[in-house]
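Q: Sharing a structure below in structure tokens format, with a few things to ask.
Protein chains: 2
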Amino acid sequence: MAAPAEEAAGSGPGSPSSARRRLSIISGHLRGSPWAPGREGPSPSPCKARGAPAGPASGSIPKKRQELLKWNGWGYNDSKFIFNKKGQAEFTGRRYRLGGMVLPTFKEWIEKTFGASLEHKSTSRASLNVNDVPPSIISEEFLQDLIATKISYSQDAEDRVFRAHGHCLHEIFALREGIFRRIPDIVVWPVCHEDVVKIVELACKHSLCIIPFGGGTSVSSALECPEEEKRTIVSLDTSQMNRILWIDEKNLTACVEAGIVGQDLEKQLAESGFCTGHEPDSMEFSSLGGWVATRASGMKKNIYGNIEDLVIHIKMVTPRGIVEKNCQVPRMSTGPDIHHFIMGSEGTLGVVTEVTVKIRPVPEYQKYGSVVFPNFERGVACLREVAKQRCAPASIRLVDNAQFQFGHALKPQVASIFTSFLDGLKKFYITKFKGFDPNILCVATLLFEGDREKVLQHEKQVYDIATKFGGLAAGEDNGQRGYMLTFVIAYLRDLGLDYYVIGESFETSVPWDRVLDLCRNVKERIVRECKEKGVQFAPFSTCRVTQTYDAGACVYFYFAFNYRGISDPIHVYEQIERAAREEILANGGSLSHHHGVGKLRKRWMKESISDVGLGMLRSVKEYVDPNNIFGNKNLL
Amino acid sequence: MAAPAEEAAGSGPGSPSSARRRLSIISGHLRGSPWAPGREGPSPSPCKARGAPAGPASGSIPKKRQELLKWNGWGYNDSKFIFNKKGQAEFTGRRYRLGGMVLPTFKEWIEKTFGASLEHKSTSRASLNVNDVPPSIISEEFLQDLIATKISYSQDAEDRVFRAHGHCLHEIFALREGIFRRIPDIVVWPVCHEDVVKIVELACKHSLCIIPFGGGTSVSSALECPEEEKRTIVSLDTSQMNRILWIDEKNLTACVEAGIVGQDLEKQLAESGFCTGHEPDSMEFSSLGGWVATRASGMKKNIYGNIEDLVIHIKMVTPRGIVEKNCQVPRMSTGPDIHHFIMGSEGTLGVVTEVTVKIRPVPEYQKYGSVVFPNFERGVACLREVAKQRCAPASIRLVDNAQFQFGHALKPQVASIFTSFLDGLKKFYITKFKGFDPNILCVATLLFEGDREKVLQHEKQVYDIATKFGGLAAGEDNGQRGYMLTFVIAYLRDLGLDYYVIGESFETSVPWDRVLDLCRNVKERIVRECKEKGVQFAPFSTCRVTQTYDAGACVYFYFAFNYRGISDPIHVYEQIERAAREEILANGGSLSHHHGVGKLRKRWMKESISDVGLGMLRSVKEYVDPNNIFGNKNLL
């Protein structure tokens, strides 16, 4: 967008300045490249007035997160699984569809699956004891410089503790025990790109460590502060940097500040009739910047793509300077794609501040569905055929029998909303008439969206394929219920922790011909390892195929066990998870499909991408951030 | 795929060695990671016997390329445009459909478009004068080491000159003038990955410069040898490293050596009923490794994807070591994607030796089509709507009026094969009845492929959209002819050079709302610059939209002019091309959609990807290749 000085000067129609004028008139939203000589472009949007009130009006995540979200568990304060006075499982609050509903068979399922007893309740810290929290250590010089920027900040123990962790089991367990190791010394809330530039400049000047904090939903220990970090740790909370800067209806793109969380992004775009369609299970809390940093994947990637398919332009602030391309085109060949140096960098290189994403018109029609298969093998074969014919719906997921029964146990009581799956004629039909064994059958849930006519055509094609693999259509309700459970499942861990049950999920991607072996071997390995390590009751070890691709699939595992009688349950858990990952790798699976590496999976990086591959990542890190300002120690 | 030593030893079903045994039995083709402790995997395929005869039997590109291909022009020796004894334009040979056909209106078109006269024929060197060629300078120690490897090599002037260039205008012009600057000192022909490892080791040992040579079709000066290079330059010709190592029908992937050229890859896969569907215009000659190195794009990317969508696994040899991931999964989150450090590296980091690509069943049905639009604006609007509805055919391209007339001028005489477009009723219908102005109308060519039923449905949808934009279906023949011309167009430059006409193509990607402005402004800028620089006859300045994406399109320009009366035509050409690129950038276009950067477009790299972005690429180069063994000086 600029012409070098040595070109003919002048302002005639052909001159460089004429070209620039044309561009700035026509395309107000395009940014000139900071690196072009004679740059001329519209000035950056003014920063949001600092006088504006913070809080839910500007976005779903307030600065004082603990006022809305649990300080030592998942999600909203007003939402949790409990056992009511009658001893029935219930989900509280009014935020979710399941809210206020009794789950009549769930208690029995827990007792049967884990040998857990509601008599045995564990204790945990109800609230934070600030005396347990390490003091905030920052220099006076830095504090004065920070105050001069007018950027909002806090040294309160509660704010710092909230941002000291993600949602790995060991992190939540430590919170519940009141154990605080290294935590951030200060939290800052930039509200725009320029604020972030200032913070990074201060970090370079005062030799600080910055750990960017988006949704806080990391499950790779990415947010854990390195214990040996002696510099002041700044938790750079992006949640207040959350505006949609512009929507471009002609190109179907939107430029958005990276602190926006998924639910706000979709809600605000929907006001204009658009969506990104990016719906990771964490979307209530996870941020656009976090998705870019971790290579996130969304439930409906079959239509909308994963984050690397959605992103058109990224702007990132690093200690070395701003990284960004000078155009907003769908695809280019200008050497290795620097967007791919940024995506997956997991907070080790800088802070993503603004992202241009593709948007689509909100689909006119949505339809859920479900299919029962006699066994997991037939279900996988069906998904593979659907992938081969390239006719996958927006979402298609296959759960194994254990997860089917788990899902069934979470069925609420109010029959008018959800059709009881195994009740009455349907149960009879599937088990007696069709001969499906309820302890072997499995279920695929489907979501179609788009033009109504195309959806119905598409639906027919998929169900026809399913029939060839012995599948039986099982209704929209079961499909819808499967997806509805997505956002409440994460609340179960806190319930489990109350009753000595610990659990975690982990995932992988794998070629099609390895799916069945990997699923079977990993689940069996988990059971074996538990036995060897003295776990007294067989674990809950289950999996589902959550995404299909041309050349393979994403497989998601749940693993949970009753740790009564185990003196160091977290250590035992970690050993078993490590064995499970070794088993995954031995069976041709990857280190991660979408959760990322963080610190949790660093030990396998060299094996995964080769010594030279790891060296390439290190060389970029050393160039971009030679003093390790972004010192979360992920990946490398 | 390995278990660390500290895991429980033993050989029971759960042990690490048991996992490895399972894996090696089940998946014979998977390679163990070289970086995992205790690695066990199938041994690499033995290298092709050196006694096997080289030549076309093993692939389309012989070692002695000049026996088949032009040493100073494009393509096959037996195929060229000529003017026959009657002064008519004709295409020689039997290799192409156009072969042996007279093109009755082409001469007139050339004379009218360029003011060229067949009286004025330029001269060029018919054959290479080896005395003009710099001597081959290599050390005796290196030569002895090379002989010991048994890798085939040559110091012949002809072999070295052939690999000293790509197909930029200035490179071909220099060849025709008999000007040789720096050329490779030696050509080597590895036949497998292990050969490449040996060559790179020798280069490190003897301080050589390696320039990988795939198809030799670069149009970014990527293959030009840096004049100041004092070390021995080794042209590492990959054409004999060209086997399909395995086809995996279960995962629909194939592992192929990187020297295979497009036509051979598709031909050999078709024997098993598969294809990659990757069809760049250069596919007769360009190689898989070259596609990876330049981020190639293919005509049918709407179905099959661009190279980054096709690639599952890459193995590259660098001075630092081998780079590769340890699994073959569709998608992972293990930090920044190192495949994207390799793709686009344009021969600056190492040699790609083996690539796993996705394959698809050969489609059952193919159908061409064409649509006439009253003007270019309506055509672009139609393509934009097709992209918005995400219903683009395998290929859809829109040419402007000048290219439509150009294509019409290339119409051969034999009416039974091609329907004459403007003859008879059709011409009357379109121009008189429908009111299309033959000097404004433009044409879109279409290609559909897939299941016959779906193709016909898809076709209807696209033609319905076209009608809304004033488009008129113009028949399959015109579509087919448009695509058939793809492979012969490149031969035109040599004809032009015979008559003082020089020409080049260049391309960009651009957001949808900038397409019309960019097309108009760039074409006008070219015309203006030609006038200012004393070009005596208005240039041929034309464009087409060759690819559609969600957020924009690829635009491809042809630019040619009669340089009679210009003393330094190449210099004038370069100035005009540079101005055209400035105009592209000023209008929001990218530096390149798929041709790459090479040395031709280096000056805009900083502006394109930012100072920090460029620094990241440099940091990777300095780590992977600290002594600049891969010294083609592209990109950075």
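Listed in order, the protein sequences are those of chains Y and B.
full-length UniProt numbering numbers the first residue of the first sequence as 1 and each following residue consecutively.
full-length UniProt numbering numbers the first residue of the second sequence as 1 and each following residue consecutively.
Even glycine gets a Cβ: it sits at the ideal position worked out from N, Cα and C.
Note that the coordinates shown come from a computational prediction; the quantities given were computed from them, not determined experimentally.
Can you tell me whether Gln536/B is buried or exposed? The criterion is at least 16 other CB atoms within 10 Å of its CB, across all chains shown.
A: With fewer than 16 other Cβ atoms within 10 Å, it is exposed.
Q: Can you tell me whether Arg181/B is buried or exposed, with buried defined as 16 or more other CB within 10 angstroms of its CB?
A: Arg181/B is exposed by the Cβ-count criterion.
Q: Can you name the start and end residues of the beta strand (DSSP E) that Gln403/Y belongs to?
A: No beta strand (DSSP E) contains Gln403/Y, which is instead part of the alpha helix (DSSP H) from 401 to 409.
Q: Find the residues of chain B that neighbour His620/Y, judging by a C-beta separation of less than 7 angstroms, and give them in chain order.
A: Sequence inspection shows Val at residue 620/Y; the His mentioned does not correspond to that position. Simply Met616, Ser619, Val620.
Q: Kindly confirm or deny that the segment 223 to 237 of chain Y and the segment 274 to 292 of chain Y touch, where touching means at least three C-beta pairs closer than 8 angstroms.
A: These segments do not touch.
Q: Output yes if chain B places a C-beta closer than 8 angstroms to the C-beta of Tyr549/Y; else output no.
A: Yes, its Cβ sits closer than 8 angstroms to a Cβ of chain B.
Q: Under 8 angstroms, with one C-beta from each stretch per pair, do the segment 379 to 392 of chain B and the segment 442 to 461 of chain B reach the 3-pair mark?
A: Contact between the segment 379 to 392 of chain B and the segment 442 to 461 of chain B is present, because at least three Cβ pairs lie under 8 angstroms.
Q: Compare the C-beta of Ser509/B with all C-beta atoms of chain Y and state if any pair is closer than 8 angstroms.
A: Answer yes: the Cβ-Cβ gap between Ser509/B and chain Y drops below 8 angstroms somewhere.
Q: Considering only the beta carbon of each residue, do Tyr491/B and Phe81/B sit closer than 8 angstroms?
A: Going by C-beta atoms, Tyr491/B is nearer than 8 angstroms to Phe81/B.
Q: Quick check: the Cα distance between Pro552/B and Asn562/B, rounded to an integer number of angstroms?
A: According to the sequence as given, residue 552/B is Gly; it is not Pro. Answer to the nearest angstrom: the Cα atoms are 33 angstroms apart.
Q: What residues from chain B crowd round Met101/Y, counting only those whose CB sits closer than 7 angstroms?
A: Per Cβ cutoff of 7 angstroms: no residues; Met101/Y is ~35 angstroms from chain B at best.
Q: Given that Ile210/B touches chain Y, what residues does it touch there, using C-beta distances under 9 angstroms?
A: In chain order: nothing, as chain Y lies at least about 17 angstroms away.
Q: Using a cut-off of 7 angstroms between C-beta atoms, extract the partners of Tyr623/Y located in chain B.
A: Simply Gly615, Met616, Ser619.
Q: Check Ala270/Y in the structure and name its three-state DSSP category.
A: Looking at Ala270/Y - three-state DSSP - the assignment turns out to be helix.
Q: Residue range of the alpha helix (DSSP H) that Asn251/Y falls in?
A: Here Asn251/Y belongs to no alpha helix (DSSP H), and DSSP marks it neither H nor E.
Q: Apart from the five residues just before and just after Asp195/Y, which ones in its own chain have a Cβ nearer than 6 angstroms to its Cβ?
A: For Asp195/Y, where only same-chain residues beyond five positions count, the Cβ hits under 6 angstroms are Ile151.
Q: Would you kindly check if the distance between the Cβ of Thr546/Y and the Cβ of Arg397/Y is under 8 angstroms?
A: Yes, Cβ-Cβ distance for Arg397/Y and Thr546/Y is below 8 angstroms.
Q: For Ala164/Y and Ile138/Y, which I take to be in contact (beta-carbon distance under 8 angstroms), what is that distance rounded to the nearest angstrom?
A: Not really, about 16 angstroms apart at Cβ, beyond 8 angstroms.
Q: At which residues does the alpha helix (DSSP H) containing Met616/Y begin and terminate?
A: Per DSSP, Met616/Y belongs to the alpha helix (DSSP H) from 611 to 624.
Q: Taking CB distances under 8 angstroms as the criterion, tell me whether Pro539/Y reaches chain D.
A: Absence of chain D from the displayed structure is noted, the protein chains being Y and B.
Q: With a threshold of 16 other CB atoms inside 10 Å of the CB of His120/Y, please say whether the residue is buried or exposed.
A: Its Cβ having fewer than 16 others within 10 Å, His120/Y is exposed.
Q: Any chance the segment 456 to 474 of chain B sits against the segment 84 to 96 of chain B, with 3 or more Cβ pairs inside 8 angstroms?
A: Touching, no, given that fewer than three Cβ pairs across the two stretches are closer than 8 angstroms.
Q: Look at the Cβ atom of Pro511/B, then the Cβ atom of Met101/B, and state whether they are nearer than 8 angstroms.
A: No, the Cβ-Cβ distance between Pro511/B and Met101/B is not below 8 angstroms.
Q: Using the Cβ count rule (16 or more neighbours within 10 Å means buried), how would you classify residue 643/B?
A: Residue 643/B lies beyond the range of chain B shown here (1 to 636); nothing can be said about it.
Q: Please classify Pro280/B: is it buried, with 16 or more other beta-carbons within 10 angstroms of its beta-carbon, or exposed?
A: Result: buried.
Q: Using only CA atoms, which one of Leu118/B, Leu208/B, Phe162/B, Gln389/B lies nearest to Leu252/Y?
A: It is Gln389/B.
Q: Alpha carbon to alpha carbon, what distance is there between Lys599/Y and Leu591/Y?
A: Straight-line Cα distance between these residues: approximately 13 angstroms.
Q: For Ser592/B, go through chain Y and note every residue whose CB falls closer than 9 angstroms to its CB, in chain order.
A: Those within 9 angstroms of Ser592/B in chain Y are Met332, Ser333, Thr334.
Q: Specify whether the segment 567 to 584 of chain B and the segment 306 to 319 of chain Y touch according to this definition: at least 3 beta carbon pairs, one from each stretch, less than 8 angstroms apart.
A: No, the segment 567 to 584 of chain B does not touch the segment 306 to 319 of chain Y.
Q: Which value, in whole angstroms, describes the spacing of the CA atoms of Thr508/Y and Met332/B?
A: Rounded to the nearest angstrom, the two C-alpha atoms are 8 angstroms apart.
Q: Is the shortest distance between the beta-carbon of Cys327/B and the beta-carbons of chain Y less than 8 angstroms?
A: Answer yes: the Cβ-Cβ gap between Cys327/B and chain Y drops below 8 angstroms somewhere.
Q: Contact defined as beta carbons within less than 8 angstroms: I believe Glu266/Y pairs with Arg243/Y. What is the distance between those atoms, to the nearest angstrom?
A: At roughly 15 angstroms, the Cβ-Cβ gap does not stay under 8 angstroms, so Glu266/Y and Arg243/Y are not in contact.
Q: Are the Cβ atoms of Cys168/Y and Val200/Y separated by less than 8 angstroms?
A: Cβ distance not < 8 angstroms, so Cys168/Y and Val200/Y don't count as in contact.
Q: Rounded C-beta distance between Asn632/Y and Thr348/Y? I'm assuming under 8 angstroms.
A: Indeed, because the Cβ distance is near 6 angstroms, the residues count as touching under 8 angstroms.
Q: Say whether chain Y places a C-beta atom closer than 8 angstroms to the C-beta of Asn627/B.
A: Cβ-Cβ to chain Y under 8 angstroms: no for Asn627/B.
Q: In whole angstroms, give me the CA-to-CA distance for Ile260/B and Glu249/B.
A: Near 20 angstroms, if we compare the C-alpha coordinates of Glu249/B and Ile260/B.
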